[in-house]
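Student:
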Amino acid sequence: MKHLIRTDDFTVKEIEDIFADARKFSDGKFDRILQDKIVITLFFENSTRTKSSFEIAAKRLGAEMVHLDVTKSSTKKGETLVDTAMNLDAMNPHAIIVRHQNSGVPKILSKYTKSAIINAGDGAHAHPTQALLDLFTLKEHFGDVRDKKIAIVGDIKNSRVANSNIELLTRFGMEVILVAPPHFLPKTTLRTTHFLKEIIDEVDAIMSLRTQTERHSSQSYASLKDYASDFCITTELVGDRDIILLHPGPVHRNIDICDALLADERCKVLEQVTNGVSIRMAVLKKLIHNV
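All letters in the sequence shown, in the order written, are residues -4 to 286 by our numbering.
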(Lines of atoms letter the chains of each structure in order from A and count residues from 1; the text may use other names and numbers.)
(Lines give C-alpha, C1' and ligand atoms only; values in the text may rest on other atoms or scores of the structure.)
Protein backbone atom coordinates (compact mmCIF):
# COMPACT_ATOMS: atom_id res chain seq x y z
CA MET A 1 0.00 0.00 0.00
CA LYS A 2 1.35 3.40 -0.96
CA HIS A 3 1.03 6.24 1.53
CA LEU A 4 1.35 10.01 1.21
CA ILE A 5 3.38 11.25 4.17
CA ARG A 6 5.66 13.75 2.41
CA THR A 7 5.72 15.34 -1.02
CA ASP A 8 8.75 13.25 -2.01
CA ASP A 9 6.67 10.08 -1.64
CA PHE A 10 5.55 10.87 -5.21
CA THR A 11 7.84 11.13 -8.22
CA VAL A 12 7.65 14.02 -10.68
CA LYS A 13 5.85 11.71 -13.12
CA GLU A 14 3.32 10.67 -10.46
CA ILE A 15 2.69 14.31 -9.57
CA GLU A 16 2.19 15.27 -13.22
CA ASP A 17 -0.33 12.42 -13.50
CA ILE A 18 -2.13 13.73 -10.40
CA PHE A 19 -2.25 17.20 -11.96
CA ALA A 20 -3.65 15.78 -15.20
CA ASP A 21 -6.43 14.08 -13.23
CA ALA A 22 -7.03 17.25 -11.20
CA ARG A 23 -7.53 19.27 -14.39
CA LYS A 24 -10.17 16.80 -15.56
CA PHE A 25 -11.87 16.86 -12.19
CA SER A 26 -11.83 20.68 -12.21
CA ASP A 27 -13.76 20.54 -15.49
CA GLY A 28 -16.40 18.29 -13.91
CA LYS A 29 -15.15 15.18 -15.72
CA PHE A 30 -15.33 12.46 -13.11
CA ASP A 31 -17.33 9.37 -12.23
CA ARG A 32 -18.02 7.66 -8.92
CA ILE A 33 -14.86 5.58 -9.25
CA LEU A 34 -14.46 5.21 -5.48
CA GLN A 35 -17.91 3.77 -4.87
CA ASP A 36 -17.77 1.16 -2.08
CA LYS A 37 -14.48 2.62 -0.80
CA ILE A 38 -14.34 3.79 2.83
CA VAL A 39 -12.23 6.74 3.97
CA ILE A 40 -11.72 7.63 7.63
CA THR A 41 -10.69 11.10 8.83
CA LEU A 42 -8.69 11.20 12.05
CA PHE A 43 -8.04 14.84 12.96
CA PHE A 44 -6.37 15.68 16.27
CA GLU A 45 -6.09 19.37 15.29
CA ASN A 46 -8.71 21.83 14.13
CA SER A 47 -9.29 22.15 10.41
CA THR A 48 -11.71 23.92 8.10
CA ARG A 49 -10.27 23.75 4.58
CA THR A 50 -8.32 20.50 4.66
CA LYS A 51 -10.94 18.34 6.37
CA SER A 52 -13.85 19.71 4.31
CA SER A 53 -11.80 19.49 1.14
CA PHE A 54 -10.96 15.82 1.67
CA GLU A 55 -14.58 15.00 2.54
CA ILE A 56 -15.94 16.74 -0.57
CA ALA A 57 -13.24 15.12 -2.70
CA ALA A 58 -14.07 11.64 -1.45
CA LYS A 59 -17.83 12.10 -1.78
CA ARG A 60 -17.57 13.46 -5.32
CA LEU A 61 -15.83 10.23 -6.31
CA GLY A 62 -18.43 8.12 -4.51
CA ALA A 63 -16.50 7.09 -1.39
CA GLU A 64 -18.10 6.73 2.03
CA MET A 65 -16.65 9.04 4.70
CA VAL A 66 -16.33 8.16 8.37
CA HIS A 67 -15.28 10.98 10.68
CA LEU A 68 -13.81 9.90 14.01
CA ASP A 69 -14.46 12.52 16.67
CA VAL A 70 -11.22 12.25 18.62
CA THR A 71 -12.72 14.12 21.59
CA LYS A 72 -15.02 11.13 22.08
CA SER A 73 -12.65 8.38 20.98
CA SER A 74 -10.84 5.80 23.09
CA THR A 75 -7.66 7.88 22.95
CA LYS A 76 -9.37 9.82 25.75
CA LYS A 77 -9.49 6.56 27.73
CA GLY A 78 -5.77 5.96 27.40
CA GLU A 79 -5.65 4.03 24.14
CA THR A 80 -2.44 4.70 22.22
CA LEU A 81 -2.53 6.27 18.77
CA VAL A 82 -1.01 3.13 17.26
CA ASP A 83 -3.71 0.95 18.85
CA THR A 84 -6.38 3.35 17.61
CA ALA A 85 -4.99 3.15 14.07
CA MET A 86 -4.66 -0.64 14.20
CA ASN A 87 -8.24 -1.04 15.40
CA LEU A 88 -9.55 1.26 12.68
CA ASP A 89 -7.42 -0.59 10.14
CA ALA A 90 -8.95 -3.89 11.29
CA MET A 91 -12.30 -2.57 10.02
CA ASN A 92 -10.77 -2.58 6.52
CA PRO A 93 -11.11 1.04 5.38
CA HIS A 94 -9.23 1.95 2.24
CA ALA A 95 -7.63 5.15 3.54
CA ILE A 96 -7.11 6.95 6.84
CA ILE A 97 -6.51 10.69 6.62
CA VAL A 98 -4.52 11.86 9.65
CA ARG A 99 -3.81 15.29 11.11
CA HIS A 100 -1.84 15.54 14.33
CA GLN A 101 -0.05 18.23 16.30
CA ASN A 102 3.08 16.08 16.61
CA SER A 103 5.50 15.61 13.73
CA GLY A 104 5.96 12.03 12.57
CA VAL A 105 2.62 10.56 13.68
CA PRO A 106 1.31 9.67 10.16
CA LYS A 107 4.64 8.00 9.33
CA ILE A 108 4.50 5.90 12.49
CA LEU A 109 0.89 4.89 11.85
CA SER A 110 1.72 3.88 8.27
CA LYS A 111 3.94 1.11 9.65
CA TYR A 112 0.99 -0.52 11.39
CA THR A 113 -1.79 -0.29 8.80
CA LYS A 114 -2.78 -1.91 5.54
CA SER A 115 -4.89 1.14 4.68
CA ALA A 116 -3.34 4.07 2.83
CA ILE A 117 -2.29 6.76 5.30
CA ILE A 118 -2.61 10.32 4.00
CA ASN A 119 -0.90 13.03 5.98
CA ALA A 120 -3.22 16.03 6.38
CA GLY A 121 -0.59 17.89 8.40
CA ASP A 122 1.70 16.76 11.20
CA GLY A 123 3.16 19.35 13.53
CA ALA A 124 5.69 21.57 11.78
CA HIS A 125 6.80 18.67 9.57
CA ALA A 126 4.74 18.30 6.40
CA HIS A 127 1.46 19.04 4.64
CA PRO A 128 1.86 17.31 1.28
CA THR A 129 -1.58 17.89 -0.26
CA GLN A 130 -1.33 21.61 0.52
CA ALA A 131 1.99 21.82 -1.33
CA LEU A 132 0.56 19.83 -4.24
CA LEU A 133 -2.39 22.21 -4.58
CA ASP A 134 -0.06 25.20 -4.28
CA LEU A 135 2.17 23.94 -7.08
CA PHE A 136 -0.90 23.08 -9.16
CA THR A 137 -2.20 26.63 -8.69
CA LEU A 138 1.16 28.05 -9.75
CA LYS A 139 1.35 25.80 -12.81
CA GLU A 140 -2.20 26.65 -13.84
CA HIS A 141 -1.24 30.34 -13.78
CA PHE A 142 2.29 30.25 -15.22
CA GLY A 143 2.32 27.04 -17.26
CA ASP A 144 6.00 26.19 -16.84
CA VAL A 145 7.21 27.17 -13.37
CA ARG A 146 10.88 26.39 -13.98
CA ASP A 147 13.10 29.40 -13.12
CA LYS A 148 10.15 31.29 -11.62
CA LYS A 149 10.89 32.90 -8.25
CA ILE A 150 8.62 32.68 -5.23
CA ALA A 151 9.03 34.37 -1.85
CA ILE A 152 7.71 32.43 1.14
CA VAL A 153 7.00 35.01 3.84
CA GLY A 154 6.34 34.63 7.54
CA ASP A 155 6.70 31.99 10.22
CA ILE A 156 8.69 29.56 8.09
CA LYS A 157 10.45 27.75 10.89
CA ASN A 158 7.17 26.49 12.38
CA SER A 159 5.36 25.88 9.08
CA ARG A 160 4.67 22.42 7.70
CA VAL A 161 3.33 24.14 4.57
CA ALA A 162 6.69 25.84 4.04
CA ASN A 163 8.60 22.57 4.52
CA SER A 164 6.50 20.72 1.95
CA ASN A 165 6.55 23.59 -0.53
CA ILE A 166 10.32 24.06 -0.30
CA GLU A 167 10.85 20.41 -1.24
CA LEU A 168 8.25 20.36 -3.99
CA LEU A 169 8.73 23.76 -5.63
CA THR A 170 12.51 23.45 -5.82
CA ARG A 171 12.15 19.97 -7.31
CA PHE A 172 10.05 21.51 -10.09
CA GLY A 173 12.70 24.13 -10.79
CA MET A 174 11.45 27.16 -8.87
CA GLU A 175 13.76 29.40 -6.87
CA VAL A 176 12.43 29.77 -3.33
CA ILE A 177 13.43 32.84 -1.31
CA LEU A 178 12.64 32.84 2.41
CA VAL A 179 11.54 36.14 3.98
CA ALA A 180 11.15 36.29 7.74
CA PRO A 181 12.51 37.77 10.95
CA PRO A 182 15.60 35.86 12.18
CA HIS A 183 13.71 33.82 14.79
CA PHE A 184 11.24 32.58 12.13
CA LEU A 185 13.92 31.35 9.71
CA PRO A 186 15.04 27.69 9.70
CA LYS A 187 18.59 26.57 9.04
CA THR A 188 18.74 26.44 5.25
CA THR A 189 20.91 26.70 2.17
CA LEU A 190 18.20 28.72 0.43
CA ARG A 191 18.48 32.44 -0.08
CA THR A 192 17.01 34.40 2.83
CA THR A 193 16.23 38.00 3.72
CA HIS A 194 14.52 39.90 6.51
CA PHE A 195 13.16 42.56 4.16
CA LEU A 196 10.43 42.04 1.56
CA LYS A 197 11.39 45.21 -0.26
CA GLU A 198 14.77 43.69 -1.12
CA ILE A 199 13.26 41.03 -3.37
CA ILE A 200 9.85 42.43 -4.41
CA ASP A 201 11.07 43.44 -7.88
CA GLU A 202 12.38 39.99 -8.79
CA VAL A 203 9.73 37.54 -7.59
CA ASP A 204 6.85 36.14 -9.65
CA ALA A 205 4.81 34.98 -6.66
CA ILE A 206 4.52 35.50 -2.92
CA MET A 207 3.28 32.87 -0.49
CA SER A 208 2.31 34.41 2.82
CA LEU A 209 2.10 32.20 5.91
CA ARG A 210 0.10 32.47 9.11
CA THR A 211 2.07 33.17 12.27
CA GLN A 212 1.98 29.85 14.13
CA THR A 213 1.50 31.31 17.60
CA GLU A 214 0.35 27.93 18.96
CA ARG A 215 3.81 26.49 18.19
CA HIS A 216 5.81 29.30 19.81
CA SER A 217 7.47 28.51 23.12
CA SER A 218 7.59 32.23 23.93
CA GLN A 219 6.04 35.40 22.55
CA SER A 220 8.09 36.73 19.63
CA TYR A 221 6.34 40.06 19.07
CA ALA A 222 4.57 42.47 21.40
CA SER A 223 1.57 42.06 19.09
CA LEU A 224 0.66 40.70 15.69
CA LYS A 225 0.34 44.31 14.53
CA ASP A 226 4.04 44.77 15.22
CA TYR A 227 4.76 41.73 13.08
CA ALA A 228 2.43 43.02 10.34
CA SER A 229 4.26 46.34 10.13
CA ASP A 230 7.23 44.44 8.67
CA PHE A 231 5.72 41.40 6.95
CA CYS A 232 2.12 42.05 5.89
CA ILE A 233 1.70 41.92 2.11
CA THR A 234 0.17 45.32 1.26
CA THR A 235 -0.90 47.26 -1.80
CA GLU A 236 1.85 49.77 -1.03
CA LEU A 237 4.43 46.99 -1.23
CA VAL A 238 3.10 45.15 -4.28
CA GLY A 239 1.87 48.14 -6.27
CA ASP A 240 0.96 47.24 -9.84
CA ARG A 241 3.60 44.52 -10.16
CA ASP A 242 2.68 41.30 -11.97
CA ILE A 243 2.91 39.12 -8.87
CA ILE A 244 0.42 36.48 -7.72
CA LEU A 245 -0.35 35.93 -4.05
CA LEU A 246 -0.91 32.63 -2.27
CA HIS A 247 -1.77 31.70 1.30
CA PRO A 248 -2.60 28.26 2.76
CA GLY A 249 -5.17 29.70 5.17
CA PRO A 250 -6.51 30.62 7.55
CA VAL A 251 -5.56 34.17 6.60
CA HIS A 252 -5.07 36.76 9.32
CA ARG A 253 -6.45 39.79 7.48
CA ASN A 254 -4.19 42.84 7.62
CA ILE A 255 -1.59 40.74 9.44
CA ASP A 256 -0.61 38.35 6.63
CA ILE A 257 -2.23 40.10 3.63
CA CYS A 258 -4.19 43.36 3.56
CA ASP A 259 -7.91 43.46 2.76
CA ALA A 260 -7.38 45.21 -0.57
CA LEU A 261 -5.00 42.56 -1.91
CA LEU A 262 -7.24 39.73 -0.72
CA ALA A 263 -9.87 41.20 -3.05
CA ASP A 264 -7.36 41.73 -5.87
CA GLU A 265 -7.49 39.47 -8.93
CA ARG A 266 -3.81 38.65 -8.39
CA CYS A 267 -4.74 36.91 -5.14
CA LYS A 268 -5.19 33.14 -5.65
CA VAL A 269 -6.31 32.19 -2.14
CA LEU A 270 -9.82 31.03 -3.06
CA GLU A 271 -8.51 29.44 -6.24
CA GLN A 272 -6.17 27.42 -4.04
CA VAL A 273 -9.16 26.19 -2.03
CA THR A 274 -11.02 25.20 -5.21
CA ASN A 275 -7.93 23.44 -6.57
CA GLY A 276 -7.50 21.65 -3.26
CA VAL A 277 -10.65 19.61 -3.82
CA SER A 278 -9.52 18.51 -7.30
CA ILE A 279 -6.00 17.68 -6.09
CA ARG A 280 -7.33 15.61 -3.20
CA MET A 281 -9.70 13.79 -5.55
CA ALA A 282 -6.69 12.92 -7.68
CA VAL A 283 -4.65 11.78 -4.67
CA LEU A 284 -7.48 9.54 -3.45
CA LYS A 285 -7.85 8.10 -6.93
CA LYS A 286 -4.14 7.32 -7.09
CA LEU A 287 -3.96 5.70 -3.67
CA ILE A 288 -7.17 3.69 -3.42
CA HIS A 289 -8.89 3.44 -6.81
CA ASN A 290 -7.48 0.02 -7.67
CA VAL A 291 -7.16 -1.34 -4.13
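Glycine included, every Cβ here is placed at the ideal spot set by N, Cα and C.
Treat the numbers as computed from the prediction; the structure is a model and nothing was measured.
How big is the Cα-Cα spacing for R261 and K220?
Tutor: Cα to Cα, R261 sits roughly 24 angstroms from K220.
Student: Would DSSP call E74 helix, strand or coil?
Tutor: Note: E74 maps to coil in three-state DSSP.
Student: Could you pull out every residue in the same chain whose Cβ sits closer than 8 angstroms to the Cβ of L76, ignoring the five residues on either side in sequence?
Tutor: For L76, where only same-chain residues beyond five positions count, the Cβ hits under 8 angstroms are T70, H95, V100, I103 and L104.
Student: On the CB-based measure, 16 or more other CB atoms within 10 Å of its CB, does H62 come out buried or exposed?
Tutor: The residue is exposed, with fewer than 16 neighbouring Cβ atoms inside 10 Å.
Student: Report yes or no: do the region 43 to 53 and the region 246 to 259 share at least 3 C-beta pairs separated by less than 8 angstroms?
Tutor: Too few Cβ pairs lie closer than 8 angstroms, so no.
Student: List the whole-angstrom C-beta distance separating L130 from L173, where the pair is believed to meet the contact cut-off of C-beta under 8 angstroms.
Tutor: So it is not a contact: roughly 17 angstroms between Cβ atoms.
Student: Would you decide whether F226 is buried or exposed? Buried here means 16 or more other CB atoms lie within 10 Å of its CB.
Tutor: The residue in question, F226, is buried, as its Cβ has 16 or more Cβ neighbours within 10 Å.
Student: Between which two residues does the alpha helix (DSSP H) containing M276 stretch?
Tutor: Segment V264 to I283, the alpha helix (DSSP H) holding M276.
Student: Buried or exposed: V7, going by 16 or more other Cβ atoms within 10 Å of its Cβ?
Tutor: V7 should be labelled exposed.
Student: According to DSSP, which residues form a beta bridge with S203?
Tutor: Answer by DSSP bridge pairing, in chain order: V148.
Student: What residues are listed by DSSP as bridge partners for L191?
Tutor: According to DSSP, which records beta bridges pairwise, L191 is partnered with nothing at all.
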